[in-house]
Each structure stands twice: as structure tokens, then as C-alpha cells.
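K.L.:
Residue numbers (my numbering): 8 to 724. One structure follows; several queries about it will come next.
See below:
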């Protein structure tokens with residue numbers, strides 16, 4: 008089952024452009040069913056099509072697996088999962104509108120083009136034909152022998168189906184993106200047409216340095232209403248957060264240093280003061296009994312050891328100690344226990360599993376039968392290593408079998424079972440033998456060996472600098488005093504009291520229910536704070552106290568505002584649009600001043616605003632004016648009559664007034680056909696993302712997650 012082995016051994020292949028994703032909904036189905044009439048297993052709808060909890064859970068599982076494989080946190084994936092699932096539904100709907108149907112025949116005909124398979128040579132024979140029938144047979148075998156693996160395949164297939172649908176939809180719609188002759192001719196004209204202008208620019212930044220303009224909430228609201236699509240808002244909360252970390256005090260640091268010195272050169276209380284880290288006869292037991300970190304029995308390269316001893320370890324004698332020294336928030340004493348060269352070994356194996364072993368799913372042979380078979384194969388391969396590949400098909404390790412049994416280059420630090428590593432360490436190049444492990448019997452062939460660098464076994468006695476009970480009590484006291492001071496007060500009071508106390512303050516203005524983490528915070532309490540902020544019982548102005556597990560840190564949260572679905576709350580997006588709105592207000596003032604002065608020349612306008620008259624050559628297709636992209640100015644240059652003063656033009660960087668002196672044609676190289684093709688290619692490249700956004704902006708998307716969560720929460724309280 009080599010092909011499915013590849014899938015199982017490389018779960019990163021499940022990642023896709025349109026993945027099937029999203030969050031596991033952490034609720035009790037038995038309790039939720041009793042709460043309300045709305046189906047608790049339907050978390051939302053996309054244009055009337057249900058988004059089920061099962062789909063949601065499947066998507067979350069995929070994202071969590073990907074995160075784990077990449078070393079990223081598995082939490083906070085809810086919103087990403089929801090968005091991916093919504094996009095998948097939209098793609099499916101478009102696929103069906105085009106008249107396509109995801110039949111079994113369609114799936115198997117198209118699967119070879121999916122990114123999961125297209126770049127993997129093991130799925131194709133030597134002639135380049137996709138191994139469709141072989142893959143089908145393996146799946147049928149999986150269905151009868153490994154239900155869990157088969158269920159994983161079904162989830163994988165669903166993600167592949169969505170990607171195949173996306174591929175088909177984009178291919179068909181992109182094929183319709185063309186540039187007409189008239190359109191191309193007009194664009195070529197715009198490309199070649201030039202206007203020579205004189206102009207005066209009243210720069211926004213310079214104007215605002217001299218003129219103070221306050222942007223009110225009403226100003227922001229007006230701008231949002233003029234651009235409703237840009238400011239469609241999901242439910243969010245404006246939260247004030249003050250963080251009280253329980254940082255170790257200087258006294259706590261001194262206590263940890265005293266303790267490490269006692270263990271290093273003094274003596275433990277358990278030994279009556281006679282045994283310490285220098286004279287102990289059992290380093291591993293001493294570390295296990297007295298260190299804040301466990302004993303590590305592995306050999307390490309110098310660069311894998313604490314930085315403080317890396318430069319000394321190569322010349323140290325066995326038994327030599329180092330320290331005490333400080334690494335981040337720990338005091339450490341190290342002792343060199345052993346050193347040796349670490350050979351690298353290139354090996355391959357055939358695994359013969361037996362019923363009941365971890366690799367024995369679907370295997371019926373007994374342990375005795377497995378040993379007999381392994382010994383037989385081992386004897387043949389030992390006599391003639393060239394026959395190794397003849398027995399690969401019997402291996403119960405499909406991942407290595409797909410690579411001819413190869414395990415690649417390994418070292419003693421490679422995380423293999425001890426019996427396997429012992430055989431590799433104690434046998435030379437060319438050796439073949441049978442080794443028993445928990446997984447079964449391995450026929451191992453050592454293909455090559457090369458000497459490695461020196462590695463070291465080091466015992467580290469570690470004491471963490473922790474906040475004492477007194478330190479945690481002081482942090483708790485500050486936090487409780489603070490929440491008493493701010494209860495019932497305004498948000499401005501909350502902010503000012505926090506700043507006066509020099510406390511860590513942050514204000515995420517648009518926190519989403521399923522963000523997972525709060526901007527500026529990032530603790531294991533973030534999810535709980537979001538749940539509190541979105542609870543229907545929590546009102547604007549409420550405060551709450553939270554304790555971070557394991558650290559003693561305290562958090563005080565203040566609910567400053569609620570944003571329901573609809574247009575964004577003005578203050579929640581002030582940081583994003585205040586500068587834009589301020590420029591628009593400045594543009595209005597500037598235009599009014601020009602009109603009020605009845606200015607009739609560029610010189611008069613330049614004098615009014617202490618600016619200068621400039622000259623430029625502008626083009627509609629590349630509307631650069633004095634280094635700034637100003638399409639409105641370029642448009643006005645071709646719209647105003649020659650020699651006539653234009654009206655004030657509200658540009659992106661300032662207000663412009665211009666006079667057109669002349670128009671010329673500068674014919675660029677290239678014919679109409681070439682130009683048309685380049686425009687079509689450019690439009691096709693920009694199409695996908697813009698089309699997907701348009702679909703989502705215009706879709707009827709209903710999200711019931713918050714409602715379901717709140718009702719479940721009420722039920723459980």
C-alpha cells in the first residue's frame with residue numbers, strides 16, 4: 008500500500024488552496040439539543056446551504072494537524088477554518104452553476120491534476136500514467152483492514168474534491184477573460200497620449216501642519232456610510248486589557264541563586280548536607296531529584312548545549328563542572344558525563360509485523376510466524392544483499408517501503424527505538440541482521456557509514472527563578488486594587504488609571520469571538536476573555552478579573568463596546584481611516600478657500616498656500632504626477648480644456664489645480680495583438696482573488712456560531 012503510505016506519512020500534502028477546514032465546536036451536543044429550536048448541528052449557511060458541525064470539525068482537525076506538523080500553536084484556528092469552509096461552499100455552488108457534477112468518474116479522471124498527486128512521482132508509472140487502479144485497490148483494502156485509515160482517506164478525498172472544483176471553476180471562468188478590440192484600442196490610446204500641464208499642489212501633510220483639523224466620530228461615520236462594502240463588519244468587541252505579570256523580584260532571583268549554590272557545592276537536605284552535585288555518585292538520580300528540568304540521557308553536539316558552556320566543552324575532561332551560570336530565567340550548573348564520536352549510518356529495513364503490534368493493523372500472522380519469516384528473509388539477504396528489494400513488498404512500513412526500504416542517514420540522536428539504534432551502532436557497513444522491536448522484526452541492512460563529529464552527554468542541574476508567594480500576592484493585590492478603582496468608571500478613567508499606575512495596557516478594538524488570541528496579550532486566558540466579552544450578560548462598562556494558570560499573572564478586562572454584524576463602529580476603525588478622513592476634510596477646506604478667494608491663476612493659488620507652480624507630463628494609463636500616483640489628476644488633465652484653470656482636484660496626497668498646455672501622442676512599440684494579449688494576461692492574473700472576494704462580499708452568509716455558543720454557555724452555567 009505504497010501510495011496511501013505516502014499520504015499517511017506526508018500529511019502536509021493535505022494542505023490546499025481551498026482546504027476543507029475549521030474549528031471543532033467545543034460544546035456538549037446533549038445539552039445544546041435541549042436549549043433551543045434552531046438545529047445545533049447547523050453552524051451557519053452560505054447562500055442557503057448549511058454549514059454543518061461535522062464539516063466544521065473536519066476542517067478544524069485538518070488545520071490543527073497542519074499546525075502541529077509545522078510547530079505552530081493548534082489554538083486560535085476557528086476563524087481561519089470558518090473562512091475556508093465558506094469559500095469551499097461558494098466554489099462548490101459556482102461549480103454546480105456551471106453545470107458540473109462531482110461524480111465518482113469525474114473525481115478519478117481529474118485526481119491526477121490535484122496538487123497532492125501531480126508532483127509526486129510515486130503516483131505515476133514509468134510512462135507517466137497515473138496509477139488510478141492501483142490507488143483504488145489500496146483504498147478498498149484500507150476500507151476492510153483499517154477503518155480509521157479509511158475514514159482519514161474520506162476526509163482527504165473531500166478536500167481534494169473542493170480543490171478539483173476550484174480548479175475547474177477558475178479554468179472555465181478565466182478562459183472567458185478577454186480584451187475586446189475597442190477596449191484594447193482605447194487602452195493603447197491612453198498609454199500613448201500625454202498631457203503637458205502646469206499645476207499647483209497643496210500637500211495635505213504641509214497643510215495640516217499649519218491647520219488643525221479634528222476628526223469627529225460623525226466624520227468617520229459619514230466616510231463608512233459612503234463605503235459600505237469596505238466596512239462590512241462581523242460581530243466584534245472593543246476590549247480594554249490591563250496585564251499584571253507576576254515577575255520574579257530581586258529577592259526571588261537571589262533565592263534561586265542561593266539554592267543552586269547549595270546543591271552544587273553544599274549539600275542536599277535529604278543527605279544531611281553530605282551529597283552535592285560535585286561529589287554525587289549518581290548524576291542522573293541527583294538531577295531527577297533536585298532539578299527543575301528532567302535529566303537528558305542523550306548525546307548532543309556543542310551547538311545544542313547551553314550557550315555558556317559551548318566554548319569550553321570541547322576541551323573539558325569527563326566529570327568537569329561548569330557554573331553556576333544564568334540562562335534566561337534559570338540558574339544552571341552543568342557536568343560533562345561522557346563524550347564520543349557520533350557516526351552517521353545509511354540503512355534500509357523490511358518490517359515484518361505481527362498481530363497486536365503497533366504496526367500490525369490488518370496483519371493476521373502470530374509473533375512466532377513473523378519471527379520465522381523475518382529470519383528466513385534475513386538469511387537470504389545476508390547471503391545476497393542484492394535480493395533485498397525482492398522482499399520490500401512484504402514490509403509493514405509503507406513509508407520506507409515506498410523508498411526501497413531506505414531510512415536515510417541517521418545518527419545516535421535520531422529518535423528510533425533503542426534496539427534499532429544499538430544494531431546500527433555496533434555493526435559495520437554491509438552488515439545484515441534481524442532485530443526485534445515493539446513494532447515487529449526488522450531485517451536491517453547497513454548500506455554505508457561515515458564518521459561524525461564529537462558529541463557530549465551533559466547533566467544539567469537547573470533552578471528556575473520563580474515568583475515567590477509574596478511576589479504573586481503583591482501582583483494579585485495590585486490587580487484587585489485596580490479593578491476596584493475602575494469598576495463603574497468610564498473607559499477613559501480605566502485607561503488613565505492604568506497609565507498612572509504604569510501597568511501594561513492594550514486595547515484591541517475589534518476582537519472577534521473566534522480569534523483565539525487577543526492582540527497585545529497572548530495568554531491561555533485569551534479565549535476565556537473573548538467568551539466573557541461576547542456573553543449576552545456582559546454589558547458595556549463591565550469589568551472582569553482573570554488569573555493565568557501556572558504563572559499567577561492577573562488580567563483585568565473592560566468591555567468598551569459591542570459591534571454587531573453590519574457596518575463597522577466608527578471608533579473601532581479610527582486608526583485605519585482617521586488619516587484618510589482628515590485629508591478629505593482638509594481637501595474640502597482647501598477647495599472652499601480657493602473658491603472664496605475667487606482665484607483665477609496658478610500663481611495666485613500658489614501664493615495663497617505658500618506652494619510653488621510646477622510642470623509635469625501625465626498619462627492616463629500610468630498616472631504619475633511628481634512621483635505620486637494620482638489618477639484623478641491625470642483624468643482631469645485630459646478632461647479640462649486647453650489653457651483653462653481646472654477646479655480643485657482631491658488627490659491622494661494633496662489638492663491639485665492645473666492648466667493643460669498641450670496634448671501629444673508618443674506611440675509605444677508593439678502592435679494591437681501583442682498589447683491585447685498582455686492586457687488579457689494581466690487581467691487573468693488579477694482575476695482569481697478579486698472574483699473570490701466579490702463572491703464572498705455578495706453572498707448571503709449566516710453565522711450562528713456565537714448564538715449557539717451563548718445559549719450553550721447559559722445552559723451550562
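The beta-carbon is built from N, C-alpha and C at its ideal position, and this holds for glycine as well.
Counting only the same chain and skipping the five closest in sequence on each side, list residues whose C-beta sits under 7 Å from that of residue 569.
P.N.:
Residue numbering aside, residue 569 sits at position 562 when the chain shown is read from its first letter. So the qualifying residues of the chain are 244 and 547.
K.L.:
May I ask which residues mark the beginning and end of the beta strand (DSSP E) holding residue 302?
P.N.:
Residue 302 sits at position 295 when you count from the first residue of the chain shown. That residue, residue 302, is in no beta strand (DSSP E); it is neither H nor E in DSSP.
K.L.:
Are the CB atoms of residue 439 and residue 352 nearer to each other than 8 Å?
P.N.:
Taking the first residue of the chain shown as position 1, residue 439 is located at position 432. Taking the first residue of the chain shown as position 1, residue 352 is located at position 345. It is not a contact, given that the beta carbons lie outside the stated cut-off.
K.L.:
Pull up the distance between the alpha-carbon of residue 210 and that of residue 661, whole angstroms please.
P.N.:
As a first step, residue 210 is located in the chain shown; it is residue number 203 there, counting from the start. As a first step, residue 661 is located in the chain shown; it is residue number 654 there, counting from the start. Going by the C-alpha atoms only, they are around 4 Å apart.
K.L.:
To which residues of the same chain is residue 295 closer than 7 Å at the C-beta, ignoring the five residues directly before and after it?
P.N.:
Position 288 of the chain shown, counting from 1, holds the residue named residue 295. Hits under 7 Å: 301 and 302.
K.L.:
When the Cα of residue 124 is compared with those of 147, 102 and 164, which residue comes out closest?
P.N.:
As a working mapping, residue 124 is identified with position 117 in the chain shown. Of the candidates 147, 102 and 164, the one whose C-alpha sits nearest the C-alpha of residue 124 is 164.
K.L.:
What is the rounded straight-line gap between the Cα of residue 658 and the Cα of residue 518?
P.N.:
Taking the first residue of the chain shown as 1, we reach residue 658 at position 651. Taking the first residue of the chain shown as 1, we reach residue 518 at position 511. Their Cα atoms are separated by approximately 33 Å.
K.L.:
If you count every other CB in all the chains shown that lies within 10 Å of the CB of residue 527, and 16 or more means buried, which is it?
P.N.:
Mapped onto the chain shown, residue 527 falls at position 520. Result: exposed.
K.L.:
Measure the C-alpha to C-alpha separation of residue 452 and residue 359 and round it to an integer number of angstroms.
P.N.:
To locate residue 452, count along the chain shown from 1; it is residue 445. To locate residue 359, count along the chain shown from 1; it is residue 352. Cα to Cα, the separation comes out at about 14 Å.
K.L.:
What would DSSP say about residue 422, mapped onto helix, strand or coil?
P.N.:
One-based indexing of the chain shown puts residue 422 at position 415. Three-state DSSP puts residue 422 in coil, outside helix and strand.
K.L.:
Suppose you measure from the CA of residue 432 to the CA of residue 464; what does that come to, to the nearest Å?
P.N.:
As a first step, residue 432 must be located in the chain shown, where it is residue number 425. As a first step, residue 464 must be located in the chain shown, where it is residue number 457. If you take the alpha carbons of residue 432 and residue 464, they lie about 17 Å apart.
K.L.:
Just curious, the alpha helix (DSSP H) that residue 111 is in, first and last residue?
P.N.:
Numbered from its first residue, the chain shown carries residue 111 at position 104. First-last of the alpha helix (DSSP H) with residue 111: 111-117.
K.L.:
With DSSP as the reference, label residue 708 as helix, strand or coil.
P.N.:
Against the chain shown, residue 708 aligns to sequence position 701. It is a strand residue.
K.L.:
Applying the criterion that 16 or more other CB atoms from any shown protein chain within 10 Å of the CB defines a buried residue, is residue 491 buried or exposed?
P.N.:
As a position in the chain shown, residue 491 is number 484, starting the count at 1. Exposed.
K.L.:
By the 10 Å Cβ neighbour count, where 16 or more other Cβ atoms means buried, how is residue 679 classified, buried or exposed?
P.N.:
Here residue 679 refers to the residue found at position 672 when the chain shown is read from its first residue. By the 10 Å Cβ count, residue 679 comes out exposed.
K.L.:
Is DSSP giving residue 355 helix, strand or coil here?
P.N.:
On the chain shown, residue 355 is found 348 positions in, with the first residue counted as 1. Note: residue 355 maps to strand in three-state DSSP.
K.L.:
Between which two residues does the alpha helix (DSSP H) carrying residue 97 extend?
P.N.:
Counting from 1 along the chain shown, the entry for residue 97 is found at position 90. Segment 85-104, the alpha helix (DSSP H) holding residue 97.
K.L.:
Based on Cα-Cα distance, which residue from 672, 714 and 707 lies nearest to residue 197?
P.N.:
As a first step, residue 197 must be located in the chain shown, where it is residue number 190. That would be 672, whose Cα lies nearest to the Cα of residue 197.
K.L.:
In chain order, which continuous runs of the alpha helix (DSSP H) of length 4 or greater are located wholly inside the segment 220-279?
P.N.:
The qualifying runs are 224-233 and 257-272.
K.L.:
Decide if the segment 204-224 is in contact with the segment 549-564; the criterion is three or more beta carbon pairs, one per stretch, under 8 Å apart.
P.N.:
Result no; under three Cβ-Cβ pairs closer than 8 Å.
K.L.:
Have a look at residue 117 and residue 128 and give me their C-alpha separation to the nearest angstrom.
P.N.:
What you label residue 117 is simply residue 110 of the chain shown in a count that begins at 1. What you label residue 128 is simply residue 121 of the chain shown in a count that begins at 1. Residue 117 and residue 128: Cα-Cα distance of roughly 16 Å.
K.L.:
My output table needs one value for residue 428: the three-state DSSP class, helix, strand or coil.
P.N.:
Residue numbering aside, residue 428 sits at position 421 when the chain shown is read from its first letter. Residue state, collapsed to three classes: helix.
K.L.:
Could you tell me the boundaries of the alpha helix (DSSP H) in which residue 555 lies?
P.N.:
Mapped onto the chain shown, residue 555 falls at position 548. Counting along the chain, residue 555 falls outside any alpha helix (DSSP H), and DSSP gives it neither H nor E.
K.L.:
Report all residues from its chain with a CB closer than 6 Å to the CB of residue 712; omit the five preceding and five following residues, and keep chain order.
P.N.:
For the purposes of this step, residue 712 is identified with residue 705 of the chain shown, where counting begins at 1. So the qualifying residues of the chain are 50.
K.L.:
Roughly how many whole angstroms lie between the Cα atoms of residue 577 and residue 218?
P.N.:
Residue numbering aside, residue 577 sits at position 570 when the chain shown is read from its first letter. Residue numbering aside, residue 218 sits at position 211 when the chain shown is read from its first letter. Spanning the two alpha carbons is a distance of roughly 23 Å.
K.L.:
From residue 567 to residue 592, what distance separates their C-alpha atoms?
P.N.:
Here residue 567 refers to the residue found at position 560 of the chain shown. Here residue 592 refers to the residue found at position 585 of the chain shown. Using only the alpha carbons, I get a separation of about 28 Å.
K.L.:
CA-CA distance, residue 395 and residue 361?
P.N.:
For the purposes of this step, residue 395 is identified with residue 388 of the chain shown, where counting begins at 1. For the purposes of this step, residue 361 is identified with residue 354 of the chain shown, where counting begins at 1. Looking at the two C-alpha atoms, the distance is approximately 20 Å.
K.L.:
Looking at the secondary structure, which residues open and close the alpha helix (DSSP H) in which residue 213 lies?
P.N.:
Within the chain shown, the letter at position 206 stands for residue 213. 211-217 is the extent of the alpha helix (DSSP H) around residue 213.
K.L.:
Using beta-carbon positions only, say whether residue 309 and residue 321 come within less than 8 Å of one another.
P.N.:
Taking the chain shown and counting its residues from 1, the one referred to as residue 309 is at position 302. Taking the chain shown and counting its residues from 1, the one referred to as residue 321 is at position 314. Their beta carbons are under 8 Å apart, which means residue 309 touches residue 321 by this criterion.
K.L.:
Taking all protein chains shown into account, decide if residue 178 is buried (16 or more other Cβ within 10 angstroms of its Cβ) or exposed.
P.N.:
Within the chain shown, residue 178 is the residue found at index 171, counting from 1. It is exposed - the Cβ of residue 178 has fewer than 16 other Cβ atoms within 10 Å.
K.L.:
Which term fits residue 325, buried or exposed, when burial requires 16 or more other beta carbons within 10 angstroms of its beta carbon?
P.N.:
Reading the chain shown from its first residue, position 318 is the one you call residue 325. Classification of residue 325: exposed, given that the 10 Å Cβ count is below 16.
K.L.:
In the segment 443-520, which residue ranges form an unbroken beta strand (DSSP E) of at least 3 residues, counting only runs that do not cross its ends?
P.N.:
The segment 443-520 contains these whole beta strand (DSSP E) runs: 447-457, 461-471 and 511-513.
K.L.:
Need the endpoints of the beta strand (DSSP E) that residue 345 sits in, please.
P.N.:
For this step, residue 345 is matched to residue 338 along the chain shown. Looking at the DSSP string, the run of the beta strand (DSSP E) that includes residue 345 is 337-348.
K.L.:
Between residue 549 and residue 271, what straight-line distance do the alpha-carbon atoms span, to the nearest angstrom?
P.N.:
Locating residue 549 in the chain shown gives position 542, where the first residue counts as 1. Locating residue 271 in the chain shown gives position 264, where the first residue counts as 1. Cα to Cα, residue 549 sits roughly 52 Å from residue 271.
K.L.:
Could you name the residues that DSSP lists as bridge partners for residue 698?
P.N.:
Taking the first residue of the chain shown as 1, we reach residue 698 at position 691. None; residue 698 has no bridge partner.
K.L.:
Mind checking residue 707: buried by the 16 CB within 10 Å criterion, or exposed?
P.N.:
Reading the chain shown from its first residue, position 700 is the one you call residue 707. Label assigned to residue 707: exposed.
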